[in-house]
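In UniProt numbering, the protein residues as written are 1 to 775.
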DNA sequence: GAATAATAATTTTTT
DNA sequence: ATTATTATTC
């Protein structure tokens, strides 16, 4: 009896394949990680492959860590020598060693999307681009797509000839790359592109890694972009000791779970793998070990609506299981409250524990309301993603100090902290320094050091020099042998008086902010303790840039987890709540109204498939008729994906708050209170005329309504009117109490004129103003 | 020239 | 609702 006997026939074939390209099409829950780890073990144990020669690429650090751990459990030795890491970490590791070939310094900084945006803002200002027409975000995405396709700024320029807009893009792209280099910084895409550039520039570097990585494995292959594929191809093109090109490349993926097209994922990497490698062997894993029959069938039915997929039929030996639950709520607050109550009850009755539950949604913004309800119920939870810890102001400030000390060329970081805490250095001074830096072709920080020689900076120069000395002193500490990053952080906080400054600002959430600084400190300490040898500052900054929230999700925490559908890929939970199943939310408004809705909706559908297939035992779907989004009330119809699940697999659950407020659950006491909060106050929103126009967004379903449930009314039935008229007294959230002096019918909305007395007379649209009638 | 108050703008998904 | 930018005050 060997460990390989637990594998099914197809899995076994995949595991025992040793030489040559291999494509594993692995459906959801078909044990693909198991196959990968067993294959690594098999190669080591039975084929005498040196773990040193194995490279396994994943997309998240979590997946990488898990893979290493699982190999360790099987083999018991040598797993630390396998190179298992994410694409991005792999590239950083290579570049830290070789990037000087490309003219960068080895201490380069990695820019996250916030940094990118800041840089782009500067560029738009510099190139006098009107950001009303060309948004920073869209410019960045143009650049990102170019990089994904390995198009250089020069090439982009060539292709742009004669096209004004593209010409502009080319200029921005060029300037962006120029500034990254000047700051000795790389963005995420650069990590991949520069590694390829390195391999094309240095035969020595390429040969070294080709020789080392004799066996390459790629997880989530459907998410690779053109650049990543090129990188894999370059590495897999090496020769072995006998001078043979074996292409020992094993890729695992599922075209139905390709959900990163927006990030450049190229579906043809998986669809055309056999064309690229004609000798490739293809193995399909179609047995699902995760979900019940009903859940799997629901998933299959939904995904069957997509065209142009690789043919496959996922099946399972698991039990029939519970039907899929669908509940339609009136409001998002009900949805959240109800789901949270259900979880509390299940845990109370010891049917399950907190960690068995996941709440999944399309956008991060949806997490807020759940958090609210979970706190009230005292349920332990973890939200993955939403407000990234490293995006907090305090953290960014302190990290910028670290970056400034580690890489003085990173002007973005220097500019961020030069006046934090306030040193009396304002915009005008910064502009002058910047101008001097550009004129003399030096970095911003270098210009600060020469502040005394900058014309027009008499008084300001005196304010700059203490800052420069501070950084210089902190810098000199790094060279001490006993130096640690956490000491450095302490010194920064101490020397700048950062915490005192924070306290002086009299912010209401002062304690939270100080706590966050403490959290940063413990993260640094933990990082230093986990490292085998004392890590360098750039090691830590790299960790910060490349470790995502999901990576820290561990199973030993008994908490309910909340995350986006994207983050949930690769995970599984006994009980899954898929909420916000509404047209405009999921599928998203963006996809419905895209230039090419068919394609975009298909991606959303794959995302839905991913969501459904996370569930092992029970799947609960829900939608709300009314939802608050960015301070506005939206009215959405249930998602088309609900309709795609056959009725016999679904139960339509009654909204417990509506049908029977005294339902026999232990939380019945909450209900009357809830309703009273909901009814009169909410009427102002639900009766505004824009509501009916928003509603039409989902009207494609009017002709073909999938629901037998009688349509319920919200609050009152006077939708499309407003409950105040000329001469009425109304209150506005910001302007206070005023008198309605005029109402005009402005198409789908009403333009209301209100006299707020001393505040003045304002004209506003009824749908946005949220006026409340006072009588 | 800098600090502060007021106003405009923004969010789909992520390494 | 939160954050970046602009207008205003000191």
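Here a beta-carbon is modelled for each residue, glycine too, at the ideal position from N, C-alpha and C.
For residue j and residue i, the rounded distance between their alpha carbons
i, j, result
"residue 705", "residue 612", "Confidence is the limiting factor: at residue 705 the pLDDT is only 32, short of 50, which leaves the residue's position unreliable, though a coordinate-based value still follows. Roughly 22 Å separates the two Cα atoms."
"residue 222", "residue 235", "18 Å"
"residue 88", "residue 546", "7 Å"
"residue 600", "residue 262", "9 Å"
"residue 373", "residue 118", "35 Å"
"residue 422", "residue 448", "16 Å"
"residue 335", "residue 260", "28 Å"
"residue 517", "residue 540", "16 Å"
"residue 131", "residue 172", "12 Å"
"residue 120", "residue 142", "12 Å"
"residue 839", "residue 44", "Lying outside 1 to 775, the shown extent of the chain, residue 839 is not represented and no answer is given."
"residue 58", "residue 254", "14 Å"
"residue 662", "residue 384", "Any reading at residue 662 must be qualified, since the residue scores a pLDDT of 35, below 50, and its modelled position is unreliable; no value is offered."
"residue 266", "residue 224", "6 Å"
"residue 679", "residue 637", "Only weak support is given to the placement of residue 679: the predicted model assigns it a pLDDT of 29, under 50, and the question is left unresolved by the model."
"residue 482", "residue 491", "14 Å"
"residue 782", "residue 214", "The requested residue 782 is not part of the displayed model; the chain covers only 1 to 775."
"residue 24", "residue 218", "10 Å"
"residue 624", "residue 328", "6 Å"
Outcome for residue i when other beta-carbon atoms lying within 10 angstroms are tallied against a minimum of 16
i, result
"residue 393", "exposed"
"residue 52", "exposed"
"residue 362", "buried"
"residue 580", "buried"
"residue 83", "buried"
"residue 459", "exposed"
"residue 324", "buried"
"residue 443", "buried"
"residue 586", "buried"
"residue 67", "buried"
"residue 189", "buried"
"residue 440", "exposed"
"residue 494", "exposed"
"residue 103", "exposed"
Span of the alpha helix (DSSP H) around residue i
i, result
"residue 52", "Note, residue 52: premise wrong, no alpha helix (DSSP H); not H, not E."
"residue 138", "136-148"
"residue 116", "113-126"
"residue 514", "510-530"
"residue 573", "Per DSSP, residue 573 belongs to no alpha helix (DSSP H); it is in the beta strand (DSSP E), 573-578."
"residue 289", "Careful: residue 289 lies outside any alpha helix (DSSP H) and carries neither H nor E."
"residue 490", "485-496"
"residue 230", "226-236"
"residue 260", "Residue 260 -> no alpha helix (DSSP H), and no H or E assigned at all."
"residue 75", "61-75"
C-beta contact flag for residue i and residue j at 8 Å
i, j, result
"residue 295", "residue 321", "yes"
"residue 2", "residue 289", "no"
"residue 286", "residue 27", "yes"
"residue 86", "residue 56", "no"
"residue 305", "residue 20", "no"
"residue 145", "residue 264", "yes"
"residue 605", "residue 303", "yes"
"residue 532", "residue 578", "no"
"residue 194", "residue 95", "yes"
"residue 17", "residue 382", "no"
"residue 37", "residue 71", "yes"
"residue 417", "residue 425", "no"
Cβ-Cβ separation, residue j to residue i (assumed contact under 8 Å), whole Å
i, j, result
"residue 790", "residue 774", "Residue 790 lies beyond the range of the chain shown here (1 to 775); nothing can be said about it."
"residue 191", "residue 92", "6 Å"
"residue 112", "residue 227", "With 8 Å as the limit, residue 112 and residue 227 do not qualify as a contact, their Cβ atoms being about 19 Å apart."
"residue 39", "residue 15", "5 Å"
"residue 405", "residue 471", "6 Å"
"residue 114", "residue 391", "6 Å"
"residue 230", "residue 196", "6 Å"
"residue 205", "residue 198", "6 Å"
"residue 634", "residue 584", "7 Å"
Residue interval of the beta strand (DSSP E) (run including residue i)
i, result
"residue 330", "324-331"
"residue 166", "No beta strand (DSSP E) holds residue 166; the alpha helix (DSSP H) holding it covers 164-182."
"residue 283", "281-285"
"residue 649", "First-last for residue 649: undefined, no H or E at that position."
"residue 397", "Unbroken run through residue 397 is the alpha helix (DSSP H), 393-406; no beta strand (DSSP E)."
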